[in-house]
Amino acid sequence: MAQALEHAWHEGQLKPLADVRISPLDRGYLFGDGIYEVMPVYDGKPLGLDKHLRRLARSCDEIRLPLGRSIEDITAALMAVIEANGGGNQSLYLQLTRVGLEGRDHRFPDAPQTHLFAMSNRLAPIDADAYANGLSAIVLPDQRWARCDIKSTSLLANVLAKQLASEAGAAEAILERDGELIEGATSAVGCVTGGTLALPVEDARVLPSVTRALTVEVAGRCGVPVETRRVNMDEFRAADEILIMSSTREIMPISDLDGAPVGDGEAGPVWRTLFTGYQALKADA
Ligand SMILES: Cc1ncc(COP(=O)(O)O)c(C=O)c1O
């Protein structure tokens, strides 16, 4: 289970997480009216910070939520949380919510404010043995809304899918719509056939994953061909390898899908190449 570190940022101040007080009229609490980011921190430095902040700004724009402060101020708040929590490896969480303290009303408040909250969890080290064997995943229907490209705090369908996966002893729930591969409940997904990595088109049904973008960079350096296109579930189930990608789990091989082996039922060679390349990218960042 995730473990929160002691210090957090809320409304312009660093404080103990236990002392953060959020009004029940914060629309993040009432409606899930907010945007978030999670980024990995290695040795006190966030990986892919610019990409995460660009996605944050885009998500806010899409829901008409003003950032309410400069990107430099947001960065300074994040760095303060990292430092207060002792640097090292962390999973840094940031959310911006729409606040209007007049009363519960679906419509935007007349004078909305954007509250910034940031905290971090300890970043669990990758379990190298488990990755070397490959992990299991289940496929579920995608029951989320039509704008999954927005990193919204409204995550109920993701929560339910991930819980079902956990109860099935699986590392991830992989979501499909209309016979097509979409993404994981908490990750991007791709599959490898004949040495080529296929990734679903990043349309409104898919979150543009930072780890996936970094994986594509690594693939370019390592000579792994990548295709971005629609992937149907028959092709996906017949793939040689399945990979999931996320900020906190890096590149994880899936060797068992719905109880059936993926390829030869082990972590495959393309995963190994990309995972090794990703470690080099982390070290260079
Ligand atoms: C639904 C969903 N897709 C994809 C991702 C992967 O995104 P990233 O690589 O930016 O962590 C996540 C990460 O939490 C996610 O929740």
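Positions in the sequence shown are counted from 1; adding 1 to them yields this note's numbering.
Even for Gly, the Cβ is constructed at its ideal location relative to N, Cα and C.
N- and C-terminal bounds of the alpha helix (DSSP H) containing residue i
i: residue 272; result: 270-285
i: residue 290; result: This structure gives no information on residue 290, because the portion of the chain shown stretches from 2 to 286.
i: residue 3; result: Premise fails: residue 3 is in no alpha helix (DSSP H) and is neither H nor E.
i: residue 287; result: In the structure displayed, the chain extends from 2 to 286; residue 287 sits before or after that span and is not available.
i: residue 168; result: 157-168
Extent of the continuous beta strand (DSSP E) run through residue i
i: residue 118; result: 114-123
i: residue 98; result: 91-100
i: residue 256; result: 251-258
i: residue 192; result: 189-194
i: residue 137; result: 136-142
Residue j beta carbon less than 9 angstroms from that of residue i
i: residue 6; j: residue 41; result: no
i: residue 260; j: residue 241; result: no
i: residue 36; j: residue 116; result: no
i: residue 162; j: residue 129; result: no
i: residue 177; j: residue 245; result: no
i: residue 98; j: residue 20; result: no
i: residue 12; j: residue 118; result: yes
i: residue 127; j: residue 231; result: no
i: residue 151; j: residue 60; result: yes
i: residue 282; j: residue 219; result: yes
i: residue 132; j: residue 2; result: no
i: residue 165; j: residue 141; result: yes
i: residue 271; j: residue 225; result: yes
i: residue 54; j: residue 83; result: no
i: residue 47; j: residue 18; result: no
i: residue 194; j: residue 168; result: no
i: residue 148; j: residue 158; result: no
i: residue 105; j: residue 31; result: yes
i: residue 153; j: residue 72; result: no
7 angstroms Cβ shell around residue i - same chain, five flanking residues per side excluded
i: residue 49; result: 40, 211, 215
i: residue 183; result: 143, 176, 177, 201, 206, 207
i: residue 199; result: 191, 192, 228, 230, 232
Same chain only: Cβ atoms within 6 angstroms of residue i, ignoring 5 sequence neighbours per side
i: residue 26; result: 102
i: residue 86; result: 6, 8, 121
i: residue 57; result: 38
i: residue 88; result: 45
i: residue 43; result: 90, 283
Residues of its chain near residue i, where Cβ-Cβ distance is below 8 angstroms and the 5 sequence neighbours each way are ignored
i: residue 279; result: 215, 216, 219, 251, 252
Every unbroken beta strand (DSSP E) within the segment 201-258, with a cutoff of 3 residues, ordered by chain
Segments of the beta strand (DSSP E) lying fully in the segment 201-258: 227-229, 242-247, 251-258.
Whole alpha helix (DSSP H) runs in the segment 5-32 with 4 or more residues, listed along the chain?
Runs found: 28-32.
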